[in-house]
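Reviewing the structure listed below.
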Amino acid sequence: MPTNSITIPVSETLSEQLKTLAELQDKSEHELIIEALESYIRKFIPEKSCYDLAIELDVIGSVVDLPTDLSTNPDYFNGFGGV
Numbered sequence: 011m012p013t014n015s016i017t018i019p020v021s022e023t024l025s026e027q028l029k030t031l032a033e034l035q036d037k038s039e040h041e042l043i044i045e046a047l048e049s050y051i052r053k054f055i056p057e058k059s060c061y062d063l064a065i066e067l068d069v070i071g072s073v074v075d076l077p078t079d080l081s082t083n084p085d086y087f088n089g090f091g092g093v
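First residue of the sequence shown? That's 11 in the working numbering, and the numbers climb one at a time after it.
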């Protein structure tokens, strides 16, 4: 996956705290920053569900000549769960 770089100014205190945390967790400062950004962004932009993606791609109901809902059609339960 292509990556982009950004540069941000941080206080000396924050820089030292980041270095300390990186050492404590045996991770790079880069890894900690990426984890923090991803965690913060997930709070405001949740991942899309499979249903959301299906709606977005307009694939729900796009198959023809099949029952509308196999999960509630008893004709398709024959042999299901049998021993």
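Glycine is no exception: its CB is placed at the ideal position from the N, C-alpha and C atoms.
{"Item": "Coil, strand or helix - Asp85 by DSSP", "Value": "helix"}
{"Item": "Residue range of the alpha helix (DSSP H) that includes Ile43", "Value": "Glu39 to Phe54"}
{"Item": "Three-state secondary structure (DSSP) of Leu1", "Value": "Since the first and last residues shown for the chain are 11 and 93, residue 1 lies out of range."}
{"Item": "Collapsed DSSP secondary structure at Ser21 in the structure displayed", "Value": "coil"}
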